[in-house]
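Structure record follows, encoded as structure tokens.
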Amino acid sequence: AESRLIPILESCKPVAKLFPTDRHQKRKTSILFPHMAMFLAGANLSSLQILGLRSCTMSDADLGFASSLTSLFGVDVGKNQLTTLDPLAGNTGIQLLVASENQLTDISALAGFTAMDNLLLNSNQLTEVQPLVDNTGIAGADSIVLSGNTLTNDSLCNQIPVIQARITTGTLLVDGACGTVEVLTMN
């Protein structure tokens, strides 16, 4: 990036003003392109380990390419327009998944993500979390954020307690009511 991308970006005067003048600071600078999806292609794409596509207005079809990325362990697809995580189903080694602020209604792919340590699904349209109950890898010090969803009474009263019992030293954030009892869980 330092020898190829930055000179191109600096050739645009308004963009150049955004870069630090100190070359050491410049090397540490992250360049984010919000609302712009960037797709990579190449022979070694299957070895990609971290995928960050936050705020790309991406739909389910746009994420389809991820099914060929089998070495992922960190994925951030937050703030998009996803309704399912099915394109990630083959990536069962994912340890960190940020899929908050989408329109997720289907998380069935997560049943097989047994390496999962951190899962952010807040602010979606989830009504049930049975795939997380079915995922035997969710336990111990794992952290799961489910707040901002409209979980059903069955999910809050039956599925959440199963997950909560397995996460002994981690964190489970959920909001909602089980019957007349308000549920705000933090382990």
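The numbering used here numbers the first residue of the sequence shown as -9 and each following residue consecutively. From the three backbone atoms N, C-alpha and C, an ideal C-beta is built for every residue, glycine too.
Bounds of the alpha helix (DSSP H) holding L122 are Q120 to D124. Per DSSP, the beta bridge partners of V65 are L41 and L87. Bridge partners of S133 according to DSSP: N108 and T161. With 16 or more other CB atoms across the displayed protein chains lying within 10 angstroms of its CB, G166 is buried. The closest CA to that of T47, considering only C168, N92 and L86, is found on N92. The beta carbon of G54 lies closer than 8 Å to those of P77 in the same chain, with the five residues before and after it left out. When only Cα atoms are considered, V88 and T60 end up about 17 Å apart. The secondary-structure analysis by DSSP pairs D96 across a beta bridge with T74.
Approximately 7 Å separates the beta-carbon atoms of S145 and T117; this is inside 8 Å, confirming the contact.
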